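Numbering (my numbering), first residue to last: 7 to 259.
One structure is given here, and the rest of the page talks about it.
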Amino acid sequence: MPINRTHNSFQQLGPRSSEGLSNYVPTRSLVDAYEPLDPRRNATILFPGDINPYEDGNQIFDPSPGSKTPDEANVSYDATCTGYQFKKYVLKEDRAYNTRCNINLVEIRYADVLLMFAEAENEVNATPSPAAYNAVNDVRYRARPADHKDDGTILPDLKNLSKEDFREAVRRERRVELAGEGLRYFDLLRWRTAENALNATVYGMDYKEPGTGEMKTIRLETRKFNPSRNYLWPVPEQELRLNPNLGQQNPGY
């Protein structure tokens, strides 16, 4: 066993049927953010009905409520609550060492740098510049399948967008390219859009109700974000006591 295994991504992200804890799972909102035919969608997310890539043979991942499988949604604390699982950062070879995994964790990726540049370049110009287009299109080009790299039929290049439409395109690109990498919440804070994105009900997969066949959608919770409070974190009380020059506590704490 390699001695450089240091973290537990398989345990945290893997499905219950493969001895994972399903602690972090995709939401329906993330699933719906991908463009049609975007290959990153299936590379990032394990969907109901997919072959479980962490098992030998053709075991189907079936988290449908009422399925009676180990992965049945919400059947246990360690089963997916949305019906989806992350594939990203989950390798079959790590199952045997699921608390000491071998996949590299990201500090910063070149795709993140390109998308930050594209976003900044768009904000300082009246219209999207060629450099901004080139940066985001480089990310999209990398994500295309090898046999579609140059034909533009899958993830075509962005072009002819207004400043506002380019801004929204880059924000969506960040969401799907960097999914599961711990950046989304801080992007929403930085854009000052958290009250729009986070004051919402969280949904999961569609499924057929056992017995009736009626189509339903997993509904988890309704989240709240208070913009007058939650854009800032509290200043630690100990720091306020140590340094009166820090002033008062942030509003709402």
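Virtual Cβ for every residue (Gly too), placed ideally from N, Cα, C.
Just so it is clear, the structure is predicted and the values come from calculations on it, not from any experiment.
Note on I224: 16 or more other CB atoms within 10 angstroms of its CB, so buried under the neighbour-count rule.
With fewer than 16 other beta carbons inside 10 angstroms of its own, F192 counts as exposed.
The alpha carbon of V37 has as its nearest neighbour, out of P257, P162, K93, the alpha carbon of K93. For the pair T75 and D68, the CB atoms are nearer than the 8 Å cut-off. Of all alpha-carbon atoms in N166, P45, P151, N14, the one lying nearest the alpha-carbon of V182 is that of P45. Comparing C-alpha distances from N128 to each of P151, E170, L248, G55 shows the shortest one belongs to E170. By the neighbour-count criterion, in which a residue is buried when 16 or more other Cβ atoms sit within 10 angstroms of its Cβ, S168 is exposed.
Three or more beta-carbon pairs drawn from the stretch 58-73 and the stretch 18-28 are found closer than 8 Å, and the two stretches are therefore classed as touching. The Cβ-Cβ distance between H13 and L97 does not fall below 8 Å.
Closest option to Y116, judged by alpha-carbon separation, among K155, L52, L161, L184: L184.
E99 and L19 have their C-alpha atoms spaced approximately 14 Å apart. In this structure the stretch 135-147 lies against the stretch 118-125, because at least three pairs of beta carbons, one per stretch, are closer than 8 Å.
Nearest neighbour of I57 by Cα position, chosen from H154, Q91, K165, turns out to be Q91. DSSP places Y40 outside any beta strand (DSSP E), giving it a letter other than H or E. Note that the stretch 150-160 does not touch the stretch 205-215; fewer than 3 beta-carbon pairs, one per stretch, sit closer than 8 Å. In the displayed model, F92 falls within a strand according to three-state DSSP. Distance from the CA atom of T105 to the CA atom of F16, rounded to whole angstroms, is 7 Å.
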